[in-house]
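To keep things clear, I will list the structure first and then write my remarks on it.
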Amino acid sequence: MLTDMDIYLFDLYGYLVIKNAVTRDHIAQMNAIIDEIMPLADGEWYGHVHARGENQSTELQQIYEAGEPFERLIDHPAWFDKLKYFIGGEGTFDQLHGPLFIDESFAIVRESGGATQLHSGGHEGVMRTQYRFRQGRFQCGQINILLPLSDIGPGDGGTMVIPGSHKSNFPHPYLAEHRKNGAGPVYPESLEQAVEVYTQAGDALLFVDSIAHGSAHRTNPGQRRVVINRYGPSWGNFRRGYQPSDDLLQRLTPQQRQIVQPHPLIPYDPAKQKKTEA
Ligand SMILES: O=C(O)CCC(=O)C(=O)O
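According to the working numbering, the sequence shown is numbered sequentially starting from 192.
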C-alpha cells in the first residue's frame with residue numbers, strides 16, 4: 192500500500208526502502224538458482240540468461256528468464272502499485288498498453304573489491320531516467336527496484352545515493368572538478384553527501400534512476416548479489432505489438448534501421464550455452 196509518507200519521502204529524497212518486501216524463502220530460492228547459474232563467463236548463456244562480466248562483477252541479464260522466483264518479481268505486490276503511481280499514466284496510455292514496461296532485468300553478482308561508480312543526478316536532465324511531477328501527477332521516466340539477496344551492512348558494498356539529487360540543478364563540485372581533469376571514476380564513498388543504504392534480506396530499494404547513485408566497494412569477503420528491475424512507462428516501448436520484419440530491416444540503411452529498431456536484438460546463441468556435465 193502506498194502511503195502519504197511514501198509519497199513525501201520519495202519526492203524529498205528520490206528513494207524509498209520497502210521493508211520486508213520479499214520473504215526470506217523467496218530470497219533463498221533466487222540464491223539457489225544463481226548458485227546453479229554461476230560461474231558464467233562474459234558472453235556465455237545459461238538458458239536465456241546472458242552474462243556480462245567486468246570489474247569483479249558479473250551481470251546476469253534477462254534474469255526474469257531464470258525461473259518462477261524471478262518472474263514473481265515482475266509485478267510483485269510489494270512494489271507494483273508504487274511503480275504505477277510514480278511512473279504515472281493512470282487513465283491515459285495505461286488504457287492502451289498498460290502502465291509499465293521493464294527496461295532491464297538483471298542480477299549483479301559481485302566479488303570482494305567490486306563497486307559501482309557514482310552516476311546520474313538531476314543536473315544531467317536525462318529524459319529517459321527523469322524525475323518529473325507535473326499537474327499533480329508523477330511522470331518519472333525510470334524507477335528501479337533493487338533487491339539485495341542478503342543482508343547489506345558495513346563492508347558489504349551497499350547501494351549509495353545522494354538524497355535529493357534527483358532534483359539537483361548542479362553537479363557535485365568534486366565530481367565536476369574530477370571530470371574536468373579527466374581523472375578516473377568517482378566512487379560514492381568519497382562524497383560526504385552520499386549515504387549507504389543498509390538493508391535486511393527481503394527489503395527492497397525503490398529509486399528514481401536520476402538520483403546520483405552507485406555502490407560502495409565491497410570489502411567483506413564473499414559475494415554481494417542483487418536483482419535490479421528497471422521500469423519505465425509502457426509508451427517507451429512499441430505502441431502496438433508489431434515488430435519490424437527481418438526483410439525490412441535488411442533493406443534499410445543503418446540510419447533508418449536504427450530509427451525503426453533502436454536496439455539491435457541480441458541473438459540468443461546456443462553455441463555459447465554454458466557446458467554442463469551430462
Ligand atoms: O549495484 C548497486 O548498488 C547500484 C546499482 C546501479 O548503479 C544502478 O542501478 O544503476
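We put the beta carbon where it would ideally sit given N, CA and C, even for glycine.
Because the structure is a prediction, the values reported are computed rather than measured.
query                                                                                                                          : result
Lys463: which of Ile402, Pro455, Arg243 sits nearest, CA to CA?                                                                : Arg243
Could you check whether the Cβ of Thr194 sits closer than 7 Å to any heavy atom belonging to ligand 1?                         : no
Any chance the CB of Val352 is under 7 Å from a heavy atom of ligand 1?                                                        : no
Locate the alpha helix (DSSP H) running through Asp197, then write down its first and last residues.                           : 195–204
To the nearest angstrom, how far is it from the Cα of Asp226 to the Cα of Phe361?                                              : 42 Å
Does the beta-carbon distance from Leu203 to Leu397 come in below 8 Å?                                                         : no
Would DSSP call Thr307 helix, strand or coil?                                                                                  : strand
Can you list the beta strand (DSSP E) stretches of 3 or more residues lying completely in the segment 269–320, in chain order? : 291–301, 307–310
Ligand 1 and Thr307: does any heavy atom of the ligand fall closer than 7 Å to the residue's C-beta?                           : yes
Using the C-alpha atoms, what's the distance from Gly348 back to Ala306?                                                       : 7 Å
In this structure, what does DSSP give as the bridge partners for Tyr422?                                                      : Ile293, Ile334
Whole angstroms is fine: what's the gap from Ser359's alpha carbon to Gly413's?                                                : 36 Å
What residue does the beta strand (DSSP E) around Gln252 start on, and which one ends it?                                      : 248–252
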